[in-house]
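**Q** For the sequence shown, my numbering begins at 51 and goes up steadily by one.
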Amino acid sequence: MLASVGGERLKNWAGNLEYSTERVYTSASLEQVKAYVKKENRLKVLGTRHCFNNIADSKDGFLSLKAMDKVISIDPAKRTVTVGAGITYGQLCPYLDGKGFALHNLASLPHISVAGACSTATHGSGEKNGNLATAVSGLEMVTASSDIVNLSRERDGDKFAGSVVGLGALGVITTVTLDIQPTYTIRQYVYENLPLSELKDHFDAIESSGYSVSLFTDWQKQRVNEVWIKSRVEEGQAFHPTPEFFGAKLATRNLHPISTLSADNCTEQMGVPGPWYERLPHFRMGFTPSAGKELQSEYFVPRQHAVEAILAVEHLRDQVSPSLLITEIRTIAADNLWMSPCYEQDSVTIHFTWKPDWPAVSKLLPVIEKELAPFHACPHWGKLFTTSPAELRSLHKRMPDFVELSRKFDPQGKFRNQYLNQNIFGS
Ligand SMILES: Cc1cc2nc3c(=O)[nH]c(=O)nc-3n(C[C@H](O)[C@H](O)[C@H](O)COP(=O)(O)OP(=O)(O)OC[C@H]3O[C@@H](n4cnc5c(N)ncnc54)[C@H](O)[C@@H]3O)c2cc1C
């Protein structure tokens, strides 16, 4: 069942990467996955193609699990849901909410696949919220030998912690079990023009003002352009909006993070209460998220270096601004997942949505990476970076263990590609 993709070259979502093959095999069942893995010498699973680099690329063939997108079971007592690995958050969330449940957090967009997002440690914001992979409590995976491996957080300790952020290197994830909690309501408030001096002096207070807080800046005029505060309405947690917030003014209309763009594709703001899955992402399902024509990079910095790291990037404003659409700053709680950039460390992320101009962006990334190096800045696995493999190794303490684990599941490198060979396996 080989599906060619309508004559057009197969590209990632942003269109900046043409994949190296158009051979896409679509599996509709575990048996088909097993048979395909057995037959092929090399393959990559393709999720929803939202990575900006070649992490998902293959010269040989792709396996798509798009058809395996069903909710398999929900366990209200254990508070877990088990889903087919092809499901997107956009498909899963309304279903969960309908059953009275919710996830702990979401990324800026719901369009991405659960398995692909967790494989790259995709995250939202909130200093007490781990990345999306921290919700994973179980995985079913087809390994290179086409055997089925079931891993659980409860039972498999280190092997599990090493497999969840698996970068597509360990096998084909066929089902994912996620922690769920009772559904909740969120109000989203946006403030405009927060002086950088206030951010410097009150970073912790600003970040702890909501369940999830995002700061958007173009690095101009010594200010954060927009502060997005997502507040759970439960007793004791709610944010009480005042017209001013650390010198910023409460917005009186819905805004896009890039203020010159229409807010039509953004989730509802102005404190209108709504279900968690229609407020935690910035962008709405059914619309193009973000700017559409863009590149992205993002660096994780240990939380204690947040302000220094932000000020270091601010020094680069004149270099960065011509290529930048917007920067977003978020917080993420520490976790125990080996290849997560937040492994054992509360983190702050500094994200760049770039104009789609790779020649210019590729010159800026080393400059930013050099400026952030004293703060041990670690790049997002799924976005654009120029950090060297040696630096990646020093940033990810558990990489040697991850390499060993990968070799157990995939001794011949069936699931490896150029990205993994270069950045992880050192060849
Ligand atoms: C507009 C936009 C906004 C974004 N916002 C955020 C954000 O808020 N926060 C954030 O952290 N990131 C964000 N990202 C990045 C995005 O979340 C990640 O790139 C994520 O990995 C995308 O998932 P995907 O399914 O599209 O992955 P793909 O690019 O398709 O694949 C990613 C990796 O996962 C592997 N993989 C996928 N499915 C499986 C499977 N079933 N078994 C084994 N391996 C698998 C692939 O082989 C590959 O290695 C954004 C991206 C875009 C385009």
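We put the beta carbon where it would ideally sit given N, CA and C, even for glycine. On a predicted model such as this, the values are computed, not experimentally measured, just so you know.
With DSSP as the reference, label L366 as helix, strand or coil.
**A** Numbered from its first residue, the sequence shown carries residue 366 at position 316. Looking at L366 - three-state DSSP - the assignment turns out to be coil, as it is neither helix nor strand.
**Q** Starting from S123, trace the beta strand (DSSP E) in both directions and tell me its first and last residue.
**A** Position 73 of the sequence shown holds residue 123. Residues V121 to D125.
**Q** Is the CB-CB distance between L305 and V240 below 8 Å?
**A** As a position in the sequence shown, residue 305 is number 255, starting the count at 1. As a position in the sequence shown, residue 240 is number 190, starting the count at 1. Yes. Within cutoff.
**Q** According to the Cβ coordinates, are K209 and L217 closer than 8 Å?
**A** Counting from 1 along the sequence shown, the entry for residue 209 is found at position 159. Counting from 1 along the sequence shown, the entry for residue 217 is found at position 167. It is not a contact, given that the beta carbons lie outside the stated cut-off.
**Q** Let me confirm a value: F337 is counted as buried when at least 16 other C-beta atoms fall within 10 Å, else exposed. Which label applies?
**A** Translated into the one-based positions of the sequence shown, residue 337 becomes position 287. Exposed, since its Cβ has fewer than 16 Cβ neighbours within 10 Å.
**Q** Counting C-beta neighbours from all protein chains within 10 Å, is the total for L361 16 or more, i.e. buried, or is it exposed?
**A** Numbered from its first residue, the sequence shown carries residue 361 at position 311. Flag for L361 reads exposed.
**Q** Quick one: residues in its chain with C-beta nearer than 6 Å to the C-beta of A53, no 5 flanking neighbours on either side, listed in chain order?
**A** Your numbering for residue 53 matches position 3 in the sequence shown. Annotation note: pLDDT 40 at A53 (below 50); position unreliable, no value reported.
**Q** Would you grab the beta carbon distance between R334 and S281 for me? Rounded to a whole angstrom, and I think it's under 8 Å.
**A** Here the question's residue 334 lines up with position 284 in the sequence shown. Here the question's residue 281 lines up with position 231 in the sequence shown. Contact flag wrong, Cβ pair sits at about 19 Å.
**Q** Check this for me: beta carbons of V87 and S196, under 8 Å apart or not?
**A** As a working mapping, residue 87 is identified with position 37 in the sequence shown. As a working mapping, residue 196 is identified with position 146 in the sequence shown. Their beta carbons are under 8 Å apart, which means V87 touches S196 by this criterion.
**Q** Does the beta-carbon of I474, which I'm using as the reference point, lie nearer than 7 Å to any heavy atom of ligand 1?
**A** As a working note, residue 474 is residue 424 in the sequence shown. No, the Cβ of I474 stays beyond 7 Å of every heavy atom of ligand 1.
**Q** Who are the near neighbours of T436 in its chain, counting only those whose CB is closer than 8 Å to its CB and skipping five residues on each side?
**A** In the sequence shown, the residue the question calls residue 436 occupies position 386. Within its own chain, the residues whose Cβ lies closer than 8 Å to the Cβ of T436, once the five positions on either side in sequence are excluded, are S412, L415, P416 and E419, listed in chain order.
**Q** With DSSP as the reference, please indicate the residues paired to M191 in a beta bridge.
**A** Position 141 of the sequence shown, counted from the start, is the residue given in the question as residue 191. DSSP lists V199 and I223 as partners of M191.
**Q** If you count every other CB in all the chains shown that lies within 10 Å of the CB of N66, and 16 or more means buried, which is it?
**A** Numbered from its first residue, the sequence shown carries residue 66 at position 16. Per the 10 Å Cβ criterion, buried.
**Q** Can the beta-carbon of Y469 be found less than 8 Å from the beta-carbon of N103?
**A** As a working mapping, residue 469 is identified with position 419 in the sequence shown. As a working mapping, residue 103 is identified with position 53 in the sequence shown. Yes, the pair counts as a contact, with Cβ atoms nearer than the cut-off.
**Q** Beta strand (DSSP E) containing Q287: first to last residue?
**A** Residue 287 sits at position 237 when you count from the first residue of the sequence shown. Note, Q287: premise wrong, no beta strand (DSSP E); not H, not E.
**Q** Thinking C-beta only, is T302 closer than 8 Å to E177?
**A** For the purposes of this step, residue 177 is identified with residue 127 of the sequence shown, where counting begins at 1. For the purposes of this step, residue 302 is identified with residue 252 of the sequence shown, where counting begins at 1. The Cβ atoms of E177 and T302 lie no closer than 8 Å to each other.
**Q** In angstroms, rounded to a whole number, what distance separates the CA positions of E394 and D206?
**A** Residue 394 sits at position 344 when you count from the first residue of the sequence shown. Residue 206 sits at position 156 when you count from the first residue of the sequence shown. If you take the alpha carbons of E394 and D206, they lie about 19 Å apart.
**Q** Would you give the residue range spanned by the beta strand (DSSP E) that R237 belongs to?
**A** Along the sequence shown, one-based indexing puts residue 237 at 187. Start and end: T235 to P245.
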